[in-house]
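Undergrad:
2 protein chains.
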Amino acid sequence: MTVSGWNLDSDQMCPQRLVLEHVTSRWGVLALIALEERSHRFSELRRALGRVSEKMLTQTLQTLERDGLVHRDAKPVIPPRVDYSLTDLGREAAEQVRALAAWTERRMDDVHKARAAYDEARS
Amino acid sequence: MTVSGWNLDSDQMCPQRLVLEHVTSRWGVLALIALEERSHRFSELRRALGRVSEKMLTQTLQTLERDGLVHRDAKPVIPPRVDYSLTDLGREAAEQVRALAAWTERRMDDVHKARAAYDEARS
DNA sequence: CGGTATCCAAAAGGATACTG
DNA sequence: CAGTATCCTTTTGGATACCG
Chain P
0 MTVSGWNLDS DQMCPQRLVL EHVTSRWGVL ALIALEERSH RFSELRRALG
50 RVSEKMLTQT LQTLERDGLV HRDAKPVIPP RVDYSLTDLG REAAEQVRAL
100 AAWTERRMDD VHKARAAYDE ARS
Chain A
0 MTVSGWNLDS DQMCPQRLVL EHVTSRWGVL ALIALEERSH RFSELRRALG
50 RVSEKMLTQT LQTLERDGLV HRDAKPVIPP RVDYSLTDLG REAAEQVRAL
100 AAWTERRMDD VHKARAAYDE ARS
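Chains P and A, in that order, give the protein sequences. For the first sequence, position 23 matches number 22 in numbering that gives the first Met the number 0, and the numbering has no gaps at all. For the second sequence, position 87 matches number 86 in numbering that gives the first Met the number 0, and the numbering has no gaps at all.
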């Protein structure tokens, strides 16, 4: 992989860059990891993700659904019930971001040490 | 991996989440991929990354340096010459983000199809 | 319950001018 | 050349109110 092809062209990102932003976005990462474990209702996801606003969760899920990563199953009952789950594509995406997340977790100690050394050298 | 531990606590993200944001940031991704190939001078990186402002490139490189992913070598010459390269930790990070980037590239067709179907169903 | 619409505050990002 | 400092625009995110 080269950096060319991931550049911005005039006034716009390359399309794969947008997908990368969707899956690594603040709530996208958490939604994918939560949904990898099991399907969730909207309100379950809200609780699982902590302090996400309705607007941001809706926006995140719609983006991931549009990209074909998340499946939305709205049951026609009252009160409404909507279940979210991963598609096969979404499961692949979740594995990728989980791998990246796991790496940051594994190396967090090294990062902390590096930061301490960096800050020390400048104080 | 569970989603707990990646939540926000009160008014702040968990630390590994910040590292993930650094390496997946707009310019962080491109800088890591460019530096994985070879070390670059500041101005070389500016050109390689396309249309990044000096401010954002500086900020990105400082963040990655502080996290211990990038090595900054400022030679005491006139005019100044500063070379950036990856540390061992940074090389690991670059491999991870490149894997994720490669996945989005591989699956871009599926995403496009999903988007077309999504948009079609709503028009 | 699971959203949408609107408004507003905060943060990110960039253009420009300047410096060692 | 490789930054820093300042200002300003754009984007993001959340709070609130309302709807089917």
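Here a beta-carbon is modelled for each residue, glycine too, at the ideal position from N, C-alpha and C. Source: prediction; values computed, not measured.
Going along chain P in order, which residues have a C-beta closer than 8 Å to the C-beta of L19 of chain A?
TA: T23, V28, L99, A100, T103
Undergrad: Would you mind stating whether M2 of chain A and A92 of chain P have Cβ atoms separated by less than 8 Å?
TA: The question names Met, yet the displayed sequence has Val at residue 2 of chain A. Their beta carbons are not under 8 Å apart, which means V2 of chain A does not touch A92 of chain P by this criterion.
Undergrad: Going by the beta-carbon positions, is the gap between L82 of chain P and D72 of chain P smaller than 8 Å?
TA: The sequence given here has Asp at residue 82 of chain P, not Leu. Yes; because the gap between Cβ atoms is below 8 Å, this pair is in contact.
Undergrad: Does the Cβ of E35 of chain A have 16 or more other Cβ atoms within 10 Å, making it buried, or fewer, making it exposed?
TA: buried
Undergrad: Along the alpha helix (DSSP H) that carries R37 of chain P, what are the first and last residues, could you check?
TA: Neither: R37 of chain P is in no alpha helix (DSSP H) and is coded neither H nor E.
Undergrad: In or out: S9 of chain P buried (at least 16 other Cβ within 10 Å) or exposed?
TA: Interpretation of S9 of chain P is limited by its pLDDT of 49, a score under 50 that renders its predicted location unreliable; the figure taken from the coordinates is listed afterwards. Counting of Cβ neighbours within 10 angstroms places S9 of chain P among the exposed residues, the total staying below 16.
Undergrad: Please determine, among P:K54, P:R114, P:E53, P:T86, the residue with the shortest C-alpha to C-alpha distance to A113 of chain A.
TA: P:T86
Undergrad: Closer than 8 Å between beta carbons: that is the criterion. Which residues of the region 34-60 of chain A meet it against chain P?
TA: E36, A47, L48, G49, R50
Undergrad: Quick one: is Y83 of chain P near chain A, going by C-beta distance under 8 Å?
TA: no
Undergrad: Could you tell me which chain A residues have their CB closer than 8 Å to the CB of D66 of chain P, listed as they occur along the chain?
TA: What D66 of chain P touches in chain A: V110, A113, R114.
Undergrad: Helix, strand or coil for L68 of chain P per DSSP?
TA: coil
Undergrad: Three or more C-beta pairs closer than 8 Å, one from the region 11-28 of chain A and one from the region 93-106 of chain P: is that the case here?
TA: yes
Undergrad: Identify whether R46 of chain P lies in helix, strand or coil by the three-state DSSP scheme.
TA: helix
Undergrad: Tell whether a beta-carbon distance below 8 Å holds between L63 of chain P and A30 of chain P.
TA: yes
Undergrad: Let's see if you can read the secondary structure: which residues bound the alpha helix (DSSP H) around V110 of chain P?
TA: Note, V110 of chain P: alpha helix (DSSP H), 107-120.
Undergrad: Comparing alpha-carbon positions, which option in P:H39, P:H111, P:P79, P:C13 lies nearest L123 of chain P?
TA: Examination of residue 123 of chain P is not possible in this model, given that chain P is present from 0 through 122 alone.
Undergrad: What's the C-alpha gap between D109 of chain P and F41 of chain A?
TA: 25 Å
Undergrad: Tell me which residues share the same chain as L51 of chain P and place their Cβ nearer than 7 Å to its Cβ, disregarding the 5 neighbours each side in the sequence.
TA: Going by the sequence as given, residue 51 of chain P is Val instead of Leu. Closer than 7 Å at Cβ, skipping near neighbours: W26, R45.
Undergrad: Closest by CA to A33 of chain A, which one among A:M107, A:M12, A:E53, A:V96?
TA: Among A:M107, A:M12, A:E53, A:V96, the Cα nearest to that of A33 of chain A belongs to A:V96.
Undergrad: For R80 of chain A, which beta-bridge partners are listed by DSSP?
TA: A:K74
Undergrad: List the residues that DSSP assigns as beta-bridge partners of L85 of chain A.
TA: A:V69
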